[in-house]
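Peer 1:
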Amino acid sequence: MTEPGPAATARAVAAAGADAYARIVAALIRVTGDWTLAEDCAQDALALACERWPDDGVPANPGGWLMTVARNRAVDVLRRASVERRKLRELATLAAVEPDPAAPAPPGGAELVDDRLRLVFTCCHPALAPDARVALTLRTVCGVPTAGIARAFLVTESTMTRRLTRARTRIASAGIPYRVPTGAALAERLPGVLAVLYLLFTRGYDADGEPAFADEAIRLARLLDRLMPGQPEIAALLALFLLQHSRRDARRDGAGNLLTLDRQDRRRWDHAAIAEGRAILARTPGTGPYALQARIAAVHATAASADATDWSAIATTYDELARIRPSPVIRLNRAVAHGYAYGPAVGLALLAEAGTGGALDGYPPAVAARAELTARVGDRDRAAALFRQAAVEARTEPERRALIGRADELTDPPPNRLP
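Terminal number for the sequence shown in this note's numbering: 419, no gaps in between.
1) Assuming His-125 is part of the alpha helix (DSSP H), what are its boundary residues?
2) In angstroms with no decimal places, state the Cα-to-Cα distance between Asp-34 and Leu-138.
3) Below 8 angstroms on the Cβ atoms is my guess for Val-58 versus Ala-27; work out the distance and round it to an integer in Å.
4) How big is the Cα-Cα spacing for Val-31 and Arg-23?
5) Using the rule of at least 16 other Cβ atoms within 10 Å of the residue's Cβ for burial, across every protein chain shown, is Asn-333 buried or exposed?
6) Check whether the region 50-65 touches the region 155-162, taking contact to mean three or more Cβ pairs, one atom from each stretch, closer than 8 angstroms.
7) Which full runs of the alpha helix (DSSP H) of 4+ residues lie inside the region 286-323, going along the chain?
8) By the three-class DSSP mapping on this structure, what secondary structure does Val-58 have?
9) Short check: CB of Asp-262 to CB of Ala-304, under 8 angstroms?
10) Would you check if there are 3 or more beta carbon pairs closer than 8 angstroms linking the region 164-175 to the region 14-23?
11) Work out the CA separation of Asp-44 and Ala-102 for me, nearest whole Å.
12) Around the Cβ of Thr-317, are there at least 16 other Cβ atoms within 10 angstroms (buried) or fewer (exposed)?
13) Quick one: what's got a C-beta closer than 8 angstroms to Arg-370's C-beta in the same chain, skipping five residues either side?
14) Can you give me the start and stop residues for the alpha helix (DSSP H) that Arg-170 sits inside?
15) Taking just the CA atoms, how far does Arg-52 sit from Arg-395?
16) If contact is defined by three or more beta carbon pairs under 8 angstroms, each pair taking one atom from either stretch, is the region 237-245 in contact with the region 173-187?
17) With three or more C-beta pairs closer than 8 angstroms as the rule, is the region 283-291 touching the region 220-227?
18) So what's Arg-252 in DSSP terms, helix, strand or just coil?
19) Report, in whole angstroms, the separation of the C-beta atoms of Val-134 and Leu-199, which I expect to be a contact under 8 angstroms.
20) Less than 8 angstroms between the beta carbons of Gly-355 and Ala-368, yes or no?
21) Please return the same chain residues whose Cβ sits closer than 7 angstroms to the Cβ of Ala-14, not counting the five positions on each side in sequence.
22) Applying the criterion that 16 or more other CB atoms from any shown protein chain within 10 Å of the CB defines a buried residue, is Pro-211 buried or exposed?
23) DSSP three-state call for Leu-403: helix, strand or coil?
24) Confirm, please, whether the CB-CB distance from Leu-37 to Ala-49 is below 8 angstroms.
25) Which term fits Ile-218, buried or exposed, when burial requires 16 or more other beta carbons within 10 angstroms of its beta carbon?
26) Could you check how far apart the C-beta atoms of Ala-322 and Ile-330 are, in whole angstroms? I think they sit under 8 angstroms.
27) Just the C-alpha distance for Glu-188 and Asp-319, rounded to the nearest angstrom, thanks.
28) Can you say whether Ser-327 is buried or exposed, counting buried as having 16 or more other CB atoms within 10 angstroms of its CB?
29) When the Cα of Arg-179 is compared with those of Cys-124, Ala-18, Ala-291, which residue comes out closest?
30) Mapping the DSSP letters down to three states, classify Leu-258 as helix, strand or coil.
31) Assuming contact is defined by CB atoms lying nearer than 8 angstroms, are Ala-152 and Phe-201 in contact in what I supplied?
32) Closer than 6 angstroms by C-beta to Ala-407: which residues in its own chain qualify, once you throw out the five before and the five after it? Chain order, please.
33) Look up Asp-76 in the DSSP assignment and say whether it is helix, strand or coil.
34) If you follow the alpha helix (DSSP H) that Tyr-340 is in, where does it begin and where does it stop?
35) By the three-class DSSP mapping on this structure, what secondary structure does Leu-360 have?
36) Taking the alpha-carbon positions, what's the Trp-269 to Asp-379 distance?
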C-alpha cells in the first residue's frame, strides 16, 4: 500500500476507475447477465475506494482491488436474491488480478475474447437506435453518470434513465449476444462500432459539447486499436481523433468565442497529439473513409499557417472521400476545399451542386460556407446577409455569436477604406 495525500488519492481513484471500470462491468455482465447489477457494483467499488483509500493507502493493484470489491458486492446481492448456484460459483472464481495491459496482443486469427470488446460490441449493436448506442456506451463502458449523459442529450436525468433501461431491455428481449463477432460478421459490425465512437467524439468536440466525451472516444479508440491490431480503420479513426482534438485549446479566444481554423493560434495546438496522429497514419495503409478524413486533418495540422495550407491536396482527398461516401456533409466540405484550392467561383458551383435536392437547405454550416465563398468573390453585403441567416439557424450560442461576428466584420468598413 502507498499512502499519498487526499489529492493524489482522488487522482488514483479516478485513474483506476478509468482503467478498470469497463473491465469490471464487462466481466460481471458476462457472468451474471445483469447490466444494472454490474454497473451498480462497479460504482459501489469506486465509492468504497474513495472512502477507504485516503486512510488505508492506494493498493498495489488498484484495478484488482476494485474488481474484488465489485465481485464480492455482486455475490452478496445474488445470494440475497437466491439465484442459481452456477452464477455464484462463476463469480467466486472470477480472477481478481487484472491482466497486464502491456502484454502482447493475441496472434493474428486468435479469438477476440476480451470482456471489454464484448461490452463495446454489445452496446453498439445495430438493433439499438444510434443515440441509444452512444448513451449506453457512455454509461456502461465509460462509467459516465446518467446525469452527465442527460445534460449532453438535453433531456432530464429521469428521461435518460428510462432510455438506458429500454436499451438494456432491448438487448435482453432481442437476444443480442454478448460476444465479439468473427469473420464476415466482424467486417459487417465494425463500421457500426466505429460510427458510435465517431458520434461520441463529435458530442465532445462540438461547440457546446462535453470535452470529456471526446477524451472517452479517444480512450476507447486506443483500446480497440490495442485489442484488435491490424484493423486499419480503427487506427485511422484514432489518428483522426488525435489530429482534431489537438486544436481543442485554440478553438476559443479569451472571451470564449469560437475561432475558425484560420484564426487559431497554432502555437496552442497539441503538437504531441499531432505527432502521434501522423505516426499512426504513417503505418496505416488504409484508404477507408476514416483514413481519408485523417489525412485531411493531417494536412491542416502540419501547415505552418492558414495561408500555407495545401488546399489542392485536401480537395483531391475530398474527391476520393466523396466517391466512397457521398454524404451531403462530405460534398459540402469538398465544395469548400475546391473553393480554397481553385477559386471561390468553383466552390460556389460545387456547393450549389451539393445542395441539389434540398439536402443542405437551411443547414447552418452550408449557409456559412456559401457566405464565406461569397465574401471571397467580393460581394460583402450578400455574404453578411448569409452569415446572419446562418446565425438564425445555428444550433448553439457560441456558433451563433461567431456567425454574427463574421457578418459584422463584413458590414463594417474594411481596413484602409474611408467610412
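Note that beta-carbon positions come from the ideal geometry of N, C-alpha and C, so glycine has one too.
Peer 2: So, from the listed chains and residues:
1) Segment: none, His-125 is in no alpha helix (DSSP H) and carries neither H nor E.
2) 17 angstroms
3) That belief does not hold up - the Cβ atoms of Val-58 and Ala-27 are roughly 22 angstroms apart, past 8 angstroms.
4) 12 angstroms
5) buried
6) no
7) 289-302
8) strand
9) no
10) no
11) Bear in mind that a pLDDT of 35 at Ala-102, under 50, signals an unreliable position, so the number given afterwards is only what the model happens to contain. Cα to Cα, Ala-102 sits roughly 27 angstroms from Asp-44.
12) buried
13) Leu-348, Leu-351, Leu-386
14) 157-173
15) 44 angstroms
16) no
17) no
18) strand
19) 5 angstroms
20) no
21) none
22) exposed
23) helix
24) no
25) buried
26) 5 angstroms
27) 25 angstroms
28) exposed
29) Cys-124
30) strand
31) no
32) Ala-384, Phe-387, Arg-388
33) helix
34) 328-342
35) coil
36) 33 angstroms
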